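Presented below is the structure to which this report refers.
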Amino acid sequence: MRNQFNKIINIAANKLENLKHLQLTTTAINTLKWLRNHLPFLHPKYLVGLLDWYIIKKFIGTYIFSIILIISIAIIFDFNENLSKLTEYQAPWRAIIFDYYANFVPYYSNLFSPLFVFIAVIFFTSKLAGNSEIISMLAAGVSFNRLMRPYMISCVLIAGLTYYLNSFVIPHGTVIRLNFKSLYLNSKKNTAAENVQLKVAENTVAYIQNYDDKYKRGYGFSLDKFDGNKLIDHLTASEIQYDTIADAKYHWKISNWKIRKLKGLKEHITTGAEMDTVIMMEPTDLVYSKGQQETFTSPELLDYISKQTSRGSKNVVQYEVEYHKRIAMSFSSFVLTIIGLSLSSRKRKGGMGMYLGIGLALSVSYILLQTVSSTFAINASTPPILAAWIPNIIFAAIAYFCYRHAPN
């Protein structure tokens, strides 16, 4: 294998030497030689071998199979539970399939990805151990660390896909799924807000007494501008309407407005019936619906958090937890895989039943811990990044203990 690799490099270098008319020939030859001498991981012995491909195919295949099996059962139970409501509200089949379940599958597949990873590792590794394949590998001189390589490669693929779907694909589908639930499953979204106050610009504070998100309309609006601690401009309007037709954002129409400009002891008052204006706020800034943070892509989450923080809003914890949780969930594949491999690589009497039981218990514990830690961040002032990573930190300690006691 080594001779074949060197032969390929030498042939490529010789071919380039014959192309004298190319100005970059010498550079290309030197580059090939440098790659051969200084990047040993490009050598075939460092690339993925037959053993790696064998385990990777087993891992990914079992992972996909477990998703199909469990999500199919979940769809049956969900459809049976919601059948009466779907019939009552006359939901069209096209909407049920393409708006709800087409987005239900990726959402819950990704949400329970740690569970599927753990089950996949436990299932096929126990089978390998039961067939004495792991014993044969270790007896042939394959170290446990070397055995972990295809598992880690599989985790890289799963973690990358999980993060991409969580950050850029699933949020768009979640909007459609939640709208369907609101229309046909009687899952009403919060569409009203009262006494909303927020900072819309430097030294500028907006206030809305009542706001209805369904009609994008608010009542009892005021906008105050300050110079230090001194009020210099006070705008009031009986009604404010968001312009959903305008191409740009932040366009509002105010009705029955009055502006008081204060300069020393003097006051200048201007009134009017209607006026189009730009105010740096959107309907999403005024009303929070349960699960709203899941409808934002990761870049949108960062923008929203930054914007709300600059306004002095403290209602961003759930958005910060969601952002960090997406990253932490991707890394959970590595932690749970190490635990699963360490536990199930030994051949024991009784088969894989015990391992699957342990795997399910640990997977459910991970998901529950993830939920509890998120609640701590929202209700107990735990830093969002710590809350998102607590499950990984705890299970990383368990993974290290299992790894230290794994067979070698």
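Anchor point for the sequence shown: position 179 equals 178 in numbering that gives the first Met the number 0, and the numbering is continuous, going up by one each time.
All C-beta atoms in this analysis are idealised placements derived from N, C-alpha and C, irrespective of residue type, glycine included.
Source: prediction; values computed, not measured.
{"Check": "Contact under 8 Å by Cβ, S237 with S254", "Outcome": "yes"}
{"Check": "Sequence-distant residues of the same chain with beta carbon closer than 7 Å to Q240, five excluded per side", "Outcome": "K215, R216, W251 and K252"}
{"Check": "Cβ-based neighbour list, F375, same chain, cut-off 6 Å, excluding 5 preceding and 5 following", "Outcome": "T381 and A386"}
{"Check": "Host alpha helix (DSSP H) of V363 (start-end)", "Outcome": "G352 to N378"}
{"Check": "Same chain only: Cβ atoms within 8 Å of L355, ignoring 5 sequence neighbours per side", "Outcome": "I118, I121, F122 and S125"}
{"Check": "Cβ pair P390, S362 closer than 8 Å", "Outcome": "no"}
{"Check": "DSSP beta-bridge partners of D226", "Outcome": "K229"}
{"Check": "DSSP state of S221 mapped onto helix, strand, coil", "Outcome": "strand"}
{"Check": "One or two residues paired with R259 in a DSSP bridge", "Outcome": "H233 and I268"}
{"Check": "V174 to I72 span [Cα, whole Å]", "Outcome": "24 Å"}
{"Check": "Continuous alpha helix (DSSP H) stretch holding N79: start and end", "Outcome": "L49 to E87"}
{"Check": "Minimum C-alpha distance to L85 - residue among A158, E293, L182 and S153", "Outcome": "L182"}
{"Check": "Y206 to G159 span [Cα, whole Å]", "Outcome": "43 Å"}
{"Check": "Those runs of the beta strand (DSSP E) which lie wholly inside the stretch 155–187 and span at least 3 residues", "Outcome": "none"}
{"Check": "Residues sharing a beta bridge with Q196, DSSP", "Outcome": "Y206"}
{"Check": "Backbone CA spacing between R1 and I55 [nearest angstrom]", "Outcome": "With a pLDDT of 49 at R1, under the threshold of 50, the modelled position of that residue is not reliable, and the figure given next carries that caveat. Between R1 and I55, the C-alpha separation is close to 24 Å."}
{"Check": "Start-to-end residues for the alpha helix (DSSP H) that takes in Y106", "Outcome": "A101 to L110"}
{"Check": "Cβ-based burial, S309 [other Cβ within 10 Å; buried from 16]", "Outcome": "exposed"}
{"Check": "Span separating the alpha-carbon of Y365 from that of I59", "Outcome": "21 Å"}
{"Check": "Endpoints, alpha helix (DSSP H) assigned at T308", "Outcome": "S297 to S309"}
{"Check": "Run of the alpha helix (DSSP H) containing V315, from where it starts to where it stops", "Outcome": "Counting along the chain, V315 falls outside any alpha helix (DSSP H), and DSSP gives it neither H nor E."}
{"Check": "Proximal residues to P170 (C-beta, below 7 Å), its chain only, five neighbours per side dropped", "Outcome": "E293, T294, F295 and T296"}
{"Check": "Status (buried if at least 16 other CB within 10 Å, exposed otherwise) for W388", "Outcome": "buried"}
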